[in-house]
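In this text, residue positions in the sequence shown follow full-length UniProt numbering: the first is 1, and each later residue adds one. No residue lacks a Cβ here, since even glycine has one placed at the ideal position from N, Cα and C. Note that the coordinates shown come from a computational prediction; the quantities given were computed from them, not determined experimentally.
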Amino acid sequence: MQVYFIDNDDFFQNRETLVDGKGVEYDDNDERSIFFVRGVLETIKKLRWVPDVIHCHGWFTALAPIYIKKGYKDDPCLKNAKVIYSVYDEDFKKPFNEGFSEKLRFDTIGDKEIEDVKKRGKMDFVNLTKLAIDYSDGVVQGSENIHKELDKYITDKKIPYLGYSPDFENNVEKIDEFCDKIDA
Numbered sequence: 001m002q003v004y005f006i007d008n009d010d011f012f013q014n015r016e017t018l019v020d021g022k023g024v025e026y027d028d029n030d031e032r033s034i035f036f037v038r039g040v041l042e043t044i045k046k047l048r049w050v051p052d053v054i055h056c057h058g059w060f061t062a063l064a065p066i067y068i069k070k071g072y073k074d075d076p077c078l079k080n081a082k083v084i085y086s087v088y089d090e091d092f093k094k095p096f097n098e099g100f101s102e103k104l105r106f107d108t109i110g111d112k113e114i115e116d117v118k119k120r121g122k123m124d125f126v127n128l129t130k131l132a133i134d135y136s137d138g139v140v141q142g143s144e145n146i147h148k149e150l151d152k153y154i155t156d157k158k159i160p161y162l163g164y165s166p167d168f169e170n171n172v173e174k175i176d177e178f179c180d181k182i183d184a
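What follows is the structure, encoded as structure tokens:
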């Protein structure tokens with residue numbers, strides 16, 4: 001198995017993952033997430049991988065679906081990729097900074113997409129997850145409990161959904177059905 005690391009001295013060196021040593025969320029988590037997601041997608045392009053499915057786990061990857069579906073929509077490596085987003089029982093307390101939506105601007109992520117993001121209001125955990133869901137082909141519930149508002153949002157979206165199961169080995173049929181819906 002090959003493993004690749006996305007690194008940046010300013011964003012990741014000598015820092016904890018999402019919070020500092022005192023448990024305070026970093027002010028630049030929005031920029032760190034953008035850098036990470038775009039770094040992964042640029043690596044896919046550089047290595048000429050053509051993934052059938054890209055499975056994004058957790059809020060730090062929540063921007064990947066909009067970048068894949070809009071920013072890289074014409075890229076030969078990514079244009080046909082299906083996106084699955086896994087929602088977990090996680091949260092962040094500090095909404096992304098003012099001006100976050102403008103930081104997303106990239107190639108074919110233009111005024112329309114930026115306005116869509118702005119209309120959502122402050123980019124907190126729930127709104128960020130909704131953004132990810134809106135640009136995903138399917139959603140997996142990765143934790144037994146997720147935010148109630150997100151649970152309802154997923155149901156209302158009527159996109160392929162794989163509910164939580166502590167025992168995926170005994171739910172192969174449900175997983176197959178989910179994958180078939182994504183592939184349709």
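- For I182, the enclosing alpha helix (DSSP H) starts and ends at 172-183.
- G138 is a Cβ neighbour of I182, given a cutoff of 7 Å.
- Separation of T129 and A62 (C-alpha to C-alpha, rounded to the nearest whole angstrom) is 6 Å.
- A residue is called buried when at least 16 other Cβ atoms come within 10 angstroms of its Cβ; Y85 meets this threshold and is buried.
- Membership of G138 in the beta strand (DSSP E) is indicated by the continuous run 138-141.
- For the beta strand (DSSP E) assignment, the uninterrupted runs of no fewer than 3 residues enclosed by the region 60-134 are, from N- to C-terminal side, 82-87.
- Closest by C-alpha distance to E31, out of G121, E177, F100, I154, is F100.
- The distance from the Cβ of F60 to that of F35 is about 11 Å, inconsistent with a contact at the 8 Å cut-off.
- Of the candidates K22, L41, K148, the residue whose Cα lies closest to the Cα of Y4 is L41.
- Residue state for Y4 is assigned as coil, using DSSP reduced to three classes.
- Segment contact: the region 113-126 against the region 44-52, fewer than three CB-CB distances shorter than 8 Å; contact not assigned.
- Judged by beta-carbon spacing, Y135 lies beyond the 7 Å limit of K73, meaning their Cβ atoms are not closer than that value.
- Contact check for K122 against P95 passes: the beta carbons are separated by less than 7 Å.
- With respect to the 7 Å criterion, D107 and G71 are classified as neighbours on the basis of their beta carbons.
- Annotation: the continuous alpha helix (DSSP H) that includes V40 extends over 29-46.
- Excluding sequence positions up to five before and after D20, its CB lies within less than 7 Å of the CB of Y26, all in the same chain and listed in chain order.
- Residue environment for F178: buried (at least 16 other C-beta atoms within 10 angstroms of its C-beta).
- Going by beta carbons, S143 and Y88 fall inside the 7 Å limit.
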